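In what follows, a structure is listed as structure tokens, so that the remarks can point back to it.
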Amino acid sequence: MDARYKFPGNPFLQRLGDFYCDTFNGERSFRTDYFLTIGIPYDDIDAGEKKAKDIIRQIETGFKDYNIYTLGI
């Protein structure tokens, strides 16, 4: 398993998460990836890009604990 759960400030959940992840060591396992697509109506390309960047910033802030990244605009 290439990802680990992080529970800062909660030692119990951290130990539980570590134990859970350790059960997959050496085992063949599957993972699920999610992709989020945002559509923005616009009349002006520059205004649309500015709005898209603002929405991306908000999404990245909200999902910062989940190690997300932007594929592109």
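In this text, residue positions in the sequence shown follow this note's numbering: the first is 17, and each later residue adds one. The beta carbon of each residue, even a glycine, is placed where N, CA and C say it ideally should be. None of the values given here were measured: they were computed from a predicted structure.
Quick one, are the C-beta atoms of residue i and residue j less than 8 angstroms apart?
i	j	result
Ala68	Ile89	yes
Gly33	Tyr21	yes
Ile54	Gly64	no
Gln30	Phe40	no
Ile71	Thr86	no
By how many angstroms is the C-alpha of residue j removed from the C-alpha of residue i?
i	j	result
Gly25	Tyr58	43 angstroms
Ser45	Asp38	12 angstroms
Asp60	Leu52	23 angstroms
The alpha helix (DSSP H) that contains residue i, what's its start and end?
i	result
Ile61	61-78
Pro27	27-38
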